[in-house]
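Below is one structure; the comments refer to it alone.
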Amino acid sequence: MGTKVKKKEAVIDPQQVNAQDNIFIKGARVHNLKNVSVSIPRNKLVVVTGVSGSGKSSLTMDTLYAEGQRRYAESLSAYARQFLMRMNKPDVDYIKGICPAIAIEQKVITRTPRSTVGSMTEIYDYLRLLFGRVGKTYSPVSGQLVKKHEVSDVVDYIVKLKHGSKVLLLAPFRRHAKRDAKEELNILLQKGFSRLYAPSAGGTGLLRIEELLEQKKPAVPEDAWILIDRLVVKDFEEDDKHRIADSVQTAFYESEGDCYLEIDGTTTEHFANRFELDGIQFEEPVPNLFSFNNPYGACPTCEGFGQVLGIDADLVIPDKRLSVFEGAVAPWRGEKMGEYKEALIKAARKFGFPVHKPIADLTEEQVKLLWTGNEHFYGLNEFFKMVEQNLYKVQYRVLQARYRGRTVCHDCGGGRLRKEALYIRVGGHNIAALVDMPVQDLKAWFEKLELNEYDQQVGKRILFEINHRLKTLLDVGLGYLTLNRVANTLSGGESQRIQLTRTLGSNLTNSMYILDEPSIGLHARDTHRLISVLKELRDLGNTVVVVEHDEQMMEEADYIIDMGPLASHLGGEVIFAGSYPAILKDPKSLTGRYLSGTLRIDPPLKQRKWKKAITLEGCRQHNLKDITVDFPLEVLTVVTGVSGSGKTTLVKQILYPALMKLKGEFAEKVGYHKAMKGAMDDITQIEMIDQNPIGKSSRSNPVTYIKAYDEIRDLFSRQPLSKMRGFQPKHFSFNVDGGRCDACKGEGEVIVEMQFLADVHLTCESCGGKRFKDEVLEVTYKGKNIYEILELSVDEALEFFEDEKDVCNKIRPLSDVGLGYIKLGQSSDTLSGGEAQRVKLASFLGKGKAQGKILFIFDEPTTGLHFHDIKKLLNSFNALIDQGHTVLVIEHNLDVIRSADWVIDLGPEGGAGGGNLLYAGLPDGLKKVKESYTGKFI
């Protein structure tokens with residue numbers, strides 16, 4: 001556990017909390033809350049804790065946040081309010097002193113591939129602004145800085161000349177193909193010009209246009225200019241400067257962008273207000289040029305997505321362990337297409353290409369050469385061009401289809417922007433290079449960024465905002481992400497901490513922030529940095545309410561509210577409210593007893609020995625540094641390390657897909673590794689139990705997922721009233737017509753689509769949200785109808801169905817994994833990621849032994865779990881291992897790590913600083929590894 005910190009300021013007297021300026025909740029009865037009254041101190045960091053299902057979310061999200069939202073909604077327009085009148089008020093007597101509420105939940109809030117870490121944190125918007133204001137354009141031809149002269153540049157130049165200098169302000173005399181000299185001079189006269197200037201004319205060189213027009217065929221010298229103005233340099237007054245500026249503007253307009261100054265008849269200066277160089281007309285930097293969501297800035301080929309449908313390099317070279325000679329290039333296998341391979345092998349020595357070296361060991365230039373080719377052989381690009389030219393033949397169409405897939409856009413190189421935007425740089429880098437840097441490197445780059453004095457003034461505020469947000473991203477442990485990372489690839493915890501960064505950037509005050517377990521997915525090393533971010537939010541004058549189980553977080557909190565005593569109908573009460581030192585002494589608080597060490601999760605007395613393992617050799621995907629790892633079978637293995645150290649890459653991108661492919665199942669691309677060896681045959685199936693929802697539809701629920709609903713429907717169809725009315729099991733299902741309510745089709749609610757606002761879910765008026773027809777609800781078992789059964793929690797259902805062994809056996813595993821508090825009919829989309837994961841675990845526990853030997857992979861299963869529930873979870877893991885299965889867990893929780901039979905620790909840092917195997921062995925040995933952060937906290 002983290003180091004203990006004694007803090008005086010955190011001690012709050014509970015009496016003082018009832019003062020007038022605090023938030024006071026009176027008589028809350030939402031879900032399982034038992035008429036709870038509690039005070040929450042304002043402008044403090046408050047942690048709400050308790051076992052899973054004790055009522056933490058009911059108190060914070062469903063009461064406090066819902067009421068804050070409802071009061072905000074009352075301030076909206078009449079159009080919005082007509083729907084919101086039907087919004088349910090939380091079941092509470094009253095809440096005093098509530099402030100505007102913002103909830104930051106653990107949901108991946110966006111699914112669009114256009115949303116990135118940069119756009120979600122608003123850093124990208126500030127980068128666009130920075131490049132639009134201080135970006136310098138460089139020509140891709142000569143590498144020279146592209147400049148454009150403004151009117152003020154010319155005026156300043158003239159003002160700084162030596163006093164007494166005679167200046168002629170000139171514009172080129174343009175001859176149009178379809179007009180003769182007389183016409184040209186007439187037009188100039190009509191525009192108000194009176195003289196031309198031609199050095200070859202002798203004398204002053206000035207020619208009056210009227211005199212030239214008197215000639216039958218005016219002789220205009222070849223070196224003629226239009227004279228715009230004549231000046232003698234002196235201390236100009238403001239009116240004089242305005243006159244000069246008007247003349248310069250006229251010169252630019254008349255010559256379409258050129259203005260010439262002749263000084264004292266000797267030197268000529270040229271100014272141009274066109275943005276061009278090397279014969280290229282460049283786009284001027286404006287913020288929209290750097291937006292990939294705007295047609296003006298987006299790459300025209302990929303439309304701002306960064307990817308196109310093309311030839312997928314991973315399909316062309318599927319196994320990078322092979323060399324060209326061994327047939328690494330898939331389309332060049334076989335007799336006919338093999339000619340391309342042979343041509344390369346024969347010519348290779350002429351340009352030193354290593355045909356016997358595995359593709360993975362080639363340099364970037366060598367891989368590029370394989371695609372581009374040279375004068376000695378046709379590269380892959382030429383090969384696929386040939387395929388495209390022959391698409392009228394069916395075999396070539398099949399060949400092309402085999403290697404098509406999503407690939408990086410060849411025009412923008414994945415930068416998402418049109419090429420003109422990438423010519424513009426700040427500090428020597430274009431915007432695409434910056435968004436590809438990990439946040440920690442980007443922060444260091446901005447700290448070293450040097451701008452000239454003018455640019456420093458222009459960009460001062462923008463740079464402050466960028467640096468502030470980058471610092472927050474680092475503080476919440478996300479320094480390994482890049483701004484270009486697509487938002488829908490983030491985990492729930494990462495997504496939540498990114499929302500926190502955006503929220504902090506807005507600098508709101510007098511608001512209430514409610515966070516749902518922000519420490520999820522964070523290593524103990526990063527938790528204290530997250531706490532400092534939350535304190536910063538508090539110090540701005542906000543109330544920060546955190547639902548959390550983390551010991552470090554509780555220790556640093558100003559005030560703790562402990563819900564309990566247990567889950568579901570046995571919870572819903574405030575067991576304790578006060579300071580951290582006080583909760584340690586409270587014997588009624590389950591949390592306090594774990595914190596003080598009275599109760600603890602004891603590691604096993606001795607670790608299980610393992611005999612067989614699966615070995616991954618030479619793992620090199622993403623940041624993994626060519627590591628070889630053993631995964632023991634029939635034991636509990638924990639993979640740990642700081643966020644971004646390579647845990648997910650190793651387990652979910654290499655081990656899992658490699659095993660799935662071996663078993664002939666569908667899997668994503670397998671990450672790069674040299675070989676997989678060991679006892680793969682001892683595993684009959686692989687189950688990835690992650691935190692994805694168990695069902696996308698609101699109809700999916702725990703009781704249907706674990707197949708217990710079939711038993712309950714059968715039971716109801718056997719009741720006397722069912723037999724009289726001819727009801728079959730299907731009449732008690734809300735998924736098929738028959739017994740379900742016809743108005744809402746068994747959903748229990750009707751969705752009203754709102755313009756400009758989120759859809760509103762309203763209870764069905766026909767069935768009152770009960771989902772079934774009245775005649776079906778009249779059938780009861782032990783006095784409860786089917787709706788009331790679905791409203792029971794798992795623990796209540798176990799008591800209620802004690803006579804029905806089949807039903808009990810099906811639902812007991814839910815209680816065993818710590819989900820005794822969830823309702824049988826609770827909609828899947830209301831379950832958190834951790835709860836969904838444990839429902840999946842329960843479905844396997846309920847299947848018994850006749851399943852062969854399974855490798856279970858869990859991704860942070862302690863998400864949302866109290867110490868007391870982690871104990872139950874570990875018992876479930878042990879039950880699986882006792883059945884002969886293998887459990888592999890990606891986890892930061894120190895109690896789980898201590899309870900493991902084998903620990904694999906990656907690190908030492910996240911991103912580029914990670915990817916090394918620091919330790920593999922028994923948990924105790926980890927303490928001796930100096931570089932390991934996990935070892936320090938264990």
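Going by UniProt numbering, the sequence shown opens with residue 1, and the numbers climb by one from there.
Where a beta carbon is used, it is the ideal one built from N, C-alpha and C, also for glycine.
Since the structure is predicted, the reported quantities are computational estimates derived from the model, not experimental observations.
Check: Hey, VAL635 and ARG593: beta-carbon distance below 8 Å or not?
Finding: no
Checklist line | Backbone CA spacing between LEU322 and LEU841 [nearest angstrom] | finding: 39 Å
Item checked: Cβ-based burial, GLN144 [other Cβ within 10 Å; buried from 16] -> exposed
Margin query: Once DSSP output is grouped into helix, strand and coil, what is the label at HIS761?
Written below: strand
Check: Does the beta carbon of THR60 fall short of 7 Å from some heavy atom of the ligand MN?
Finding: Looking for the ligand MN in the displayed structure turns up nothing, as the structure carries no ligands at all.
Checklist line | Same chain, Cβ closer than 6 Å to LYS556, five either side skipped, listed in chain order | finding: The identity of residue 556 in the sequence shown is Glu, whereas the question assumes Lys. So the qualifying residues of the chain are ILE531.
Item checked: Residue burial classification, ALA360 (beta-carbon count within 10 angstroms, cutoff 16) -> buried
Next item on the list: Give the DSSP bridge partners of ASN32, in chain order.
Entry: ASN32 is not bridged to any residue.
Next item on the list: Please say whether GLY641 and GLY914 have beta carbons closer to each other than 8 Å?
Entry: yes
Check: Is the Cβ-Cβ distance between GLY572 and LEU33 less than 8 Å?
Finding: yes
Note to self: Among the candidates THR501, GLU765 and TYR480, whose CA atom is the shortest distance from the CA of ASN467?
What the structure shows: THR501
Check: Below 8 Å, can you find three or more Cβ-Cβ pairs linking the stretch 388-405 to the stretch 342-356?
Finding: no
Item checked: Extent of the continuous alpha helix (DSSP H) run through LYS723 -> 720-725
Margin query: My assumption, with CB atoms under 8 Å, is that SER165 sits in contact with ASP264. Please give the rounded CB distance.
Written below: 6 Å
Note to self: On the DSSP bridge list, what partners appear for THR137?
What the structure shows: ILE424
Margin query: Quick test of your reading: ARG826 and ASN701, contact by CB under 8 Å. State the CB separation rounded to the nearest angstrom.
Written below: Residue 826 is actually Gln in this sequence, not Arg. So it is a contact: roughly 6 Å between Cβ atoms.
Notebook entry, point to check: Using the rule of at least 16 other Cβ atoms within 10 Å of the residue's Cβ for burial, across every protein chain shown, is PHE937 buried or exposed?
Noted result: buried
Item checked: Residue environment, THR649, which counts as buried when at least 16 other CB atoms sit within 10 Å -> buried
Note to self: In the DSSP assignment, the alpha helix (DSSP H) including VAL903 goes from what residue to what residue?
What the structure shows: Run containing VAL903: none in the alpha helix (DSSP H); it sits in the beta strand (DSSP E), 902-907.
Checklist line | For LYS241, the first and last residue of its enclosing alpha helix (DSSP H) | finding: 238-254
Notebook entry, point to check: What does a CB cutoff of less than 6 Å around LYS341 pick up in its chain, not counting 5 residues either side in sequence?
Noted result: TRP332
Checklist line | Cβ-based burial, THR509 [other Cβ within 10 Å; buried from 16] | finding: exposed
Next item on the list: Report the option in LEU362, GLY911, ASP905 and GLY205 whose CA atom is closest to the CA atom of GLU931.
Entry: ASP905
Checklist line | With 16 other Cβ atoms within 10 Å as the buried cut-off, status of ARG497 | finding: buried
Notebook entry, point to check: Apart from the five residues just before and just after ALA171, which ones in its own chain have a Cβ nearer than 6 Å to its Cβ?
Noted result: ILE226, ILE228, ALA251, GLU254 and SER255
Check: Do ARG771 and GLY746 come within 8 Å of each other at the CB atom, strictly closer than that value?
Finding: yes
Notebook entry, point to check: So what does DSSP say about VAL887, is it helix, strand or coil?
Noted result: strand
Notebook entry, point to check: Below 8 Å between beta carbons: does that hold for GLU67 and ILE95?
Noted result: yes
Item checked: DSSP three-state assignment for GLY373, whether helix, strand or coil -> strand
Next item on the list: Examine the Cβ distances between the stretch 599-618 and the stretch 572-586 and report whether three or more of them are shorter than 8 Å.
Entry: no
Item checked: Local Cβ density within 10 Å of LYS6, reported as buried at 16 or more and exposed below that -> In this prediction, LYS6 scores a pLDDT of 41, lower than 50, which makes its location untrustworthy; the coordinate-derived value is nonetheless stated afterwards. Its Cβ having fewer than 16 others within 10 Å, LYS6 is exposed.
Margin query: Applying the 10 Å Cβ sphere with the 16-neighbour rule, what's the burial state of ASN430?
Written below: buried
Note to self: Suppose contacts are defined by Cβ-Cβ distances below 8 Å. Is PRO358 in contact with LYS320 by that definition?
What the structure shows: yes
Note to self: Among the candidates ASN785, PRO113 and GLU687, whose CA atom is the shortest distance from the CA of LEU721?
What the structure shows: ASN785
Notebook entry, point to check: Secondary structure at residue 982, three-state DSSP: helix, strand or coil?
Noted result: In this structure the chain extends from 1 to 938, so residue 982 is not present and cannot be described.
Note to self: Less than 8 Å between the C-beta atoms of VAL117 and ARG29, yes or no?
What the structure shows: no
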